[in-house]
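Numbering (the working numbering), first residue to last: 72 to 491.
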């Protein structure tokens, strides 16, 4: 019975996927709009990111391209589904003949009993180079058209970029397109439990840093009271998040990605506006600038991106010290001082975890655009840990940076210092 139900749902999703393609081909905005979820985004084959309004505005101009689906696959994960299809086109703008093949990855979510498309990524599939034929014969006869005015260097760079992003996309598929035991339940835990906790913890930590800007509470003591109880669970939440990342294959993926020669091309991907909103929801006072800075640092620091587990171990250890400090406030003997600097560190750790978790939850849906922001979340976590570490060293006389080690975090782990 369950198998029959799953097959029925899979067929419904394939039909829905075909409808989206049909309305895109006919340019029918009114029929297309109900099939798209609130917060919809699309990543075009050239890397451009469009929201719902921008996409709908572009639909009429992209109609009549001779689209047809040649194959499609459906992956079901509770109330989320991924449909990966291959689409061929036979014409370009203004009716110009232009044959192309594209991989369309659409993420559908169940909404009020029905399915709607939440995100859509288009990737061009490279065509094999044409063999010598009539065109070569024409050139030999002296009738070849004049060469087009192109910039060879720019054309080569564009080719290299497409190749790099295609290889990273294939890497994503290798790690996340295959089923894993417990995958659906772990993604649900990320989305429904850990991500909301990280966001809430970050908001209160940022309020503690700037209590007079708070619109939720009037008394800084209430904010600290929340953090006093929340921090009892934060180290354990970090450990659980780390365990999920390892089981989903996220650690192995990042380690291979950081070693890949294609890694530097990630910075060429456009900024995903949903990630700015994620940082904003976490209470970050300057989300746009912060996300851009973290993305730039992630692009430069492969050593950090290649050691995600080490960063989370370090975060768990130093936040654990803050936990001891909150408990020690009553005896006026904190392990590290609870001041604006350490609270800012906690805020960065929590908002970085929110950014990381929000993207990691969608990583198994194989959308390449979320990879850079996941690495940005990793760098943000490390940035916050460094803030807390600095205060810990000042208070406890930890080994200097020249020795290459800090005090072992809670649990006896000895973590090398990573400078960012």
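Glycine included, each C-beta is placed from N, C-alpha and C at the ideal position.
Just so we're clear, the structure is a prediction, and the values are computed from it rather than from any experiment.
Item to check | Coil, strand or helix - residue 285 by DSSP | outcome: Start at 1 with the first residue of the chain shown, and residue 285 comes out as number 214. For residue 285, the predicted model reports a pLDDT of 46, less than 50, meaning its position is unreliable; a value from the coordinates is still stated below. Coil.
Checklist entry - Grouping DSSP H, G and I as helix and E and B as strand, with all else coil, what is residue 256? => result Numbered from its first residue, the chain shown carries residue 256 at position 185. The three-state reading of DSSP puts residue 256 in helix, counting H, G and I together.
Next on the checklist: How far does the beta strand (DSSP E) with residue 186 in it extend, from its first residue to its last?
Outcome noted: In the chain shown, residue 186 corresponds to position 115, counting from 1. Looking at the DSSP string, the run of the beta strand (DSSP E) that includes residue 186 is 185-196.
Checklist entry - In its own chain, which residues sit with a C-beta less than 7 Å from the C-beta of residue 315, not counting the 5 before and 5 after it? => result Counted from its first residue, the chain shown places residue 315 at position 244. For residue 315, where only same-chain residues beyond five positions count, the Cβ hits under 7 Å are 257, 260 and 261.
Checklist entry - What does a CB cutoff of less than 8 Å around residue 185 pick up in its chain, not counting 5 residues either side in sequence? => result Residue mapping note: residue 185 aligns to position 114 of the chain shown, counting from 1. Within the same chain, residue 185 has no close Cβ partners at all.
Checklist entry - Does DSSP classify residue 117 as helix, strand or coil? => result In the chain shown, the residue the question calls residue 117 occupies position 46. Under the three-state reduction of DSSP output, residue 117 falls in the coil class, being neither helix nor strand.
Item to check | Residues near residue 350 by beta carbon distance below 8 Å, same chain, minus five either side | outcome: As a working mapping, residue 350 is identified with position 279 in the chain shown. These residues qualify, in order along the chain: 358, 361, 362, 422, 425 and 426.
Checklist entry - So, helix, strand or coil for residue 433, using DSSP? => result As a working note, residue 433 is residue 362 in the chain shown. Of the three classes helix, strand and coil, the one that applies to residue 433 here is coil, per DSSP.
Checklist entry - What residue does the alpha helix (DSSP H) around residue 374 start on, and which one ends it? => result Numbered from its first residue, the chain shown carries residue 374 at position 303. From DSSP, the alpha helix (DSSP H) with residue 374 extends over 373-376.
Checklist entry - Near residue 146, what residues of its chain come up, given a Cβ to Cβ distance below 7 Å and the 5 sequence neighbours on each side ignored? => result Counting from 1 along the chain shown, the entry for residue 146 is found at position 75. Contacts found: 152 and 153.
Item to check | Residues near residue 327 by beta carbon distance below 6 Å, same chain, minus five either side | outcome: As a first step, residue 327 must be located in the chain shown, where it is residue number 256. Nothing meets the Cβ criterion.
Next on the checklist: With H, G and I counted as helix, E and B as strand and the rest as coil, what does DSSP make of residue 249?
Outcome noted: Counting from 1 along the chain shown, the entry for residue 249 is found at position 178. In this structure, DSSP gives residue 249 a state outside helix and strand, which the three-state scheme calls coil.
Next on the checklist: On a Cα-Cα basis, can you pick out the residue from 121, 460, 446 and 133 that is closest to residue 322?
Outcome noted: Position 251 of the chain shown holds residue 322. For residue 322, the nearest C-alpha among the options comes from 446.
Checklist entry - Going by beta carbon distance, what residues of the same chain come within less than 6 Å of residue 333, once the five residues before and after it are set aside? => result Taking the chain shown and counting its residues from 1, one reaches residue 333 at position 262. Here the set comprises 235, 238 and 239.
Next on the checklist: Within 10 Å of its beta-carbon, does residue 339 have 16 or more other beta-carbons around it, so buried, or fewer, so exposed?
Outcome noted: Counted from its first residue, the chain shown places residue 339 at position 268. Classification of residue 339: exposed, given that the 10 Å Cβ count is below 16.
Next on the checklist: Looking at the strands, I want to know which residues DSSP matches up with residue 173.
Outcome noted: Within the chain shown, the letter at position 102 stands for residue 173. The beta-bridge partner set that DSSP reports for residue 173 consists of 158 and 195.
Next on the checklist: At the level of alpha carbons, what is the spacing between residue 263 and residue 382?
Outcome noted: Here residue 263 is taken as the residue at index 192 of the chain shown, counted from 1. Here residue 382 is taken as the residue at index 311 of the chain shown, counted from 1. If you take the alpha carbons of residue 263 and residue 382, they lie about 23 Å apart.
Item to check | Cβ-based burial, residue 465 [other Cβ within 10 Å; buried from 16] | outcome: Numbered from 1 along the chain shown, position 394 holds the residue referred to as residue 465. By the neighbour-count criterion, in which a residue is buried when 16 or more other Cβ atoms sit within 10 angstroms of its Cβ, residue 465 is exposed.
Next on the checklist: Given this structure, state the Cα-to-Cα distance separating residue 141 from residue 133, to the nearest angstrom.
Outcome noted: Along the chain shown, read from residue 1 onward, the residue named residue 141 stands at position 70. Along the chain shown, read from residue 1 onward, the residue named residue 133 stands at position 62. Answer to the nearest angstrom: the Cα atoms are 20 Å apart.
Checklist entry - Relative to the alpha-carbon of residue 107, which residue among 189, 443 and 370 has its alpha-carbon at the smallest distance? => result Counting from 1 along the chain shown, the entry for residue 107 is found at position 36. Its Cα nearest to that of residue 107, the residue 189 stands out among 189, 443 and 370.
Item to check | Opening and closing residue of the alpha helix (DSSP H) in which residue 104 lies | outcome: The residue you call residue 104 lines up with position 33 of the chain shown. In this chain, residue 104 is not harboured by any alpha helix (DSSP H), its DSSP state being neither H nor E.
Checklist entry - Between the Cα of residue 270 and the Cα atoms of 242, 249, 299 and 305, which residue gives the shortest distance? => result For the purposes of this step, residue 270 is identified with residue 199 of the chain shown, where counting begins at 1. The option with the nearest alpha carbon to residue 270 is 305.
Next on the checklist: Here's a check: name, in chain order, each residue in its chain whose Cβ is nearer than 7 Å to the Cβ of residue 204, leaving out the five neighbours to either side.
Outcome noted: Walking along the chain shown from the start, residue 204 turns up at place 133. Interpretation of residue 204 is limited by its pLDDT of 42, a score under 50 that renders its predicted location unreliable; the figure taken from the coordinates is listed afterwards. Same-chain partners within the cutoff: there are none.
Item to check | Rounded separation between residue 455 and residue 418 - CA only | outcome: Here residue 455 refers to the residue found at position 384 of the chain shown. Here residue 418 refers to the residue found at position 347 of the chain shown. The alpha-carbon atoms of residue 455 and residue 418 are separated by roughly 7 Å.
Item to check | Other residues of its chain near residue 232: CB distance less than 7 Å, five sequence neighbours each side excluded | outcome: Indexing the chain shown from 1 puts residue 232 at position 161. Around residue 232, the same chain offers 336 and 339 as residues with beta carbons nearer than 7 Å, after the five sequence neighbours per side are excluded.
Checklist entry - With 16 other CB atoms within 10 Å as the buried threshold, where does residue 221 fall? => result As a position in the chain shown, residue 221 is number 150, starting the count at 1. Bear in mind that a pLDDT of 44 at residue 221, under 50, signals an unreliable position, so the model cannot answer this.
Next on the checklist: Mapping the DSSP letters down to three states, classify residue 181 as helix, strand or coil.
Outcome noted: The sequence position of residue 181 within the chain shown is 110, counting from 1. Under the three-state reduction of DSSP output, residue 181 falls in the strand class.
Next on the checklist: Looking only at its chain, what residues have a beta carbon closer than 7 Å to the beta carbon of residue 352, apart from the 5 residues adjacent to it on each side?
Outcome noted: By 1-based counting over the chain shown, the position of residue 352 is 281. Non-local beta-carbon contacts of residue 352 in its own chain, meaning distances under 7 Å to residues more than five positions away in sequence, involve 270 in chain order.
Next on the checklist: Within 10 Å of its beta-carbon, does residue 128 have 16 or more other beta-carbons around it, so buried, or fewer, so exposed?
Outcome noted: Position 57 of the chain shown holds residue 128. Burial call: exposed.
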